[in-house]
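To start, the structure under review is shown below, and the notes come after it.
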Amino acid sequence: MSEVVLTGVVKRYGPVTALDGVDLTVPAGALTAVLGPSGCGKTTLLRCLAGFERLDAGAIRVDGREVAGPGRHLPAHRRRIAVVPQEGALFPHLSVAANISYGLDRADRRGDRVDEVLALVGLAGYGDRMPHQLSGGQQQRVAVARALAPRPSLVLLDEPFSALDAGLRAGLRHDVREALRADGATAVLVTHDQGEALSVADRVVVLRSGRVVQSAAPSTLYREPADPWVAGFVGDAVLLPAVASAGAARTPLGTLPIAGPTADGPVTVLVRPEQLRLAPAAGTDAVTATVLRHDFHGHDALIALRLADDTRVTARVWDSTDPVEVGAEVAVRVDGPVRAWPAMPVPAPAGAANPRPVHPVA
Ligand SMILES: Nc1ncnc2c1ncn2[C@@H]1O[C@H](COP(=O)(O)OP(=O)(O)OP(=O)(O)O)[C@@H](O)[C@H]1O
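Structure below.
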C-alpha cells in the first residue's frame, strides 16, 4: 500500500496548460476517483502519474520517494505503477494465465499469484482460456488481475468500464472495487461518469480546467459541494437566486434555513430535487406550482414544475406509481436545510458525459 502525493503539478502542451498546479493526496489502500468534464486534464494526470509525461513543474511522491520533480523523471517501467486501459489491454495470442504472469518475477510465476488474482476478479479456473474466448467484461477483469498481479505501488484505471454496456458496467465496477480492496491496492480511477465515481470511490477528486476544485468522500461531495458548478456536476441540482439573512435564504420556494455559515446578501441556493415534497395544493398557504412534465424512471420519477413567478424547479418523487398529472397544481415544500454560496456566474459543465443541469431543470 502506497500513499501518492502530488504537489503543484503543472503540465503544458505548447500553449495549453492541461494541469495547472494540482495538489492532491491519494491515500494508501483506497480507491480515489478523478472526475471531471472532457478536457479537464484527467488523462494528462494519469499519464503524469504513470511516467508517460514529464512535468513542467511540481512533484509526485510515491511513499515519500520522489518519482517526478524538478530535474527528476523516473521512467514508467521503474515506477511500479500499473495501468488498466479502456480496452484492448490483453495480448491476443497468450492465454489468460500467460497474460497475467507476463511481467511477474519468476517466484510469483511459479507460485499461486496468478490463481489468486484470477479468484479476486471472479475468474477462478479461466487461466487456460484465450482472450477471444472471453466476453468484454471478462477481458477487463483479466486486465485488472494482470495489473494487480505484481503488487504495484499504484493501480491506474483509465475509464476501464466505458466500452461496456450499462448493465454489465454496474456489476463489474462493484467487483473490481472489491478486488482492489481485498488486495489492499492503492488505486486511481479516471472517469467522467459522476455516478461511477460516487458509487465506487472512497474519495472523489473533481478536476476543472486542470485544477482540483474539490476532494472529498462521495457523500460529502454530494451534500457539501464546493460551489454551484460542482453541485450541478455531481448530481441533479436546482440552483436558485436568493437573499441570505441571519442564516436563512429568501428563495422562490420560500424562506429556507441555510446549512453552514453564509454572509448576508445575494446568494445562489442549492436544493436537491429529492428535498422537494409535493402535496395537493387545495387549502394550503404553501408555495404552489404547476406540473409541466413527469419523467418516469422506474425507481423514481422527476417532476418538472413551474412556480407562480415562472421559476422552473424539479422534484424527485419515489412513489412513482402515483403520478402527478401534467397541468395539476401542487403545493411544494423543501425538506431540510439548503447550501448557499455568494451569488456569482456559474460556468456550464460543458462536455460532461451526463451533463447535469446547473440551472433549474424543467
Ligand atoms: N498531446 C497533446 N498535445 C496537445 N494538447 C493536448 C495533448 N493531450 C492533451 N491535450 C490538451 O490538454 C487538455 C487536457 O486533456 P486531457 O486529455 O488530459 O483531458 P481529459 O479530461 O482526459 O479529457 P477526456 O475526458 O475528453 O479524455 C485538453 O485541452 C487537451 O486538448
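Numbering follows the UniProt record's numbering, with no gaps: position 232 of the sequence shown is 232.
Don't be surprised by glycine CBs; every beta carbon is placed ideally from N, CA and C.
request  = Give the C-beta separation of F161 and E196 to the nearest angstrom, bearing in mind that I take them to be a contact with Cβ-Cβ under 8 Å.
outcome  = 7 Å
ask   = Would you say the beta carbon of S95 comes nearer than 6 Å to a heavy atom of ligand 1?
value = No - ligand 1 has no heavy atom lying nearer than 6 Å to the Cβ of S95.
key: Distance between beta carbons of L55 and I81, contact taken as under 8 Å   = About 15 Å; that fails the 8 Å criterion.
task = Apply the 10 Å Cβ neighbour rule to N354 and answer buried if 16 or more other Cβ atoms are within range, or exposed otherwise.
result = A caution first: N354 carries a pLDDT of 41, below 50, which makes its placement in the model unreliable, though a value can still be read off. Label assigned to N354: exposed.
query = In chain order, what residues of the same chain lie with their CB nearer than 8 Å to the CB of S2, ignoring the 5 residues before and after it?
reply = A28, V62, D63, S153, L154 and T186
key: Q194 - containing alpha helix (DSSP H), residue span   = Counting along the chain, the alpha helix (DSSP H) containing Q194 begins and ends at Q194 to V200.
query = Does at least one heavy atom of ligand 1 sit under 6 Å from the Cβ of C48?
reply = no
request  = Would you mind sorting G14 into buried or exposed? The rule is 16 or more other CB atoms within 10 Å of its CB.
outcome  = exposed
ask   = Can you give, in chain order, each stretch of the beta strand (DSSP E) that sits fully within the stretch 116-180 and has at least 3 residues?
value = 154-158
Alpha-carbon to alpha-carbon, A216 and residue 364 = No statement about residue 364 is possible, as the shown extent of the chain runs from 1 to 362 and does not include it.
message = Given 6 Å as the limit, tell me if V188 has its C-beta closer than that to any heavy atom belonging to ligand 1.
response = no
message = Just checking A18 against ligand 3 - is the residue's beta carbon closer than 6 Å to any of the ligand's heavy atoms?
response = By its list of ligands, the structure shown excludes ligand 3, since it contains just ligand 1.
Selected residue, minimal CA-CA separation from C40, among V26, D193, V334 and R211 = R211
ask   = At a cut-off of 6 Å, is S215 close to ligand 1 when judged by its beta-carbon and the heavy atoms of the ligand?
value = no
query = In whole angstroms, what separates the C-alpha of L19 from that of L207?
reply = L19 and L207: Cα-Cα distance of roughly 9 Å.
ask   = So L253 and V330 are in contact, right, with Cβ under 8 Å, and what is the actual spacing, rounded?
value = The Cβ separation is near 13 Å, so there is no contact.
Proximal residues to Q101 (C-beta, below 6 Å), its chain only, five neighbours per side dropped = One detail in the question is off: residue 101 reads as Ser in this sequence, not Gln. Once the five neighbours on either side are set aside, the close Cβ partners of S101 are R109 and V114.
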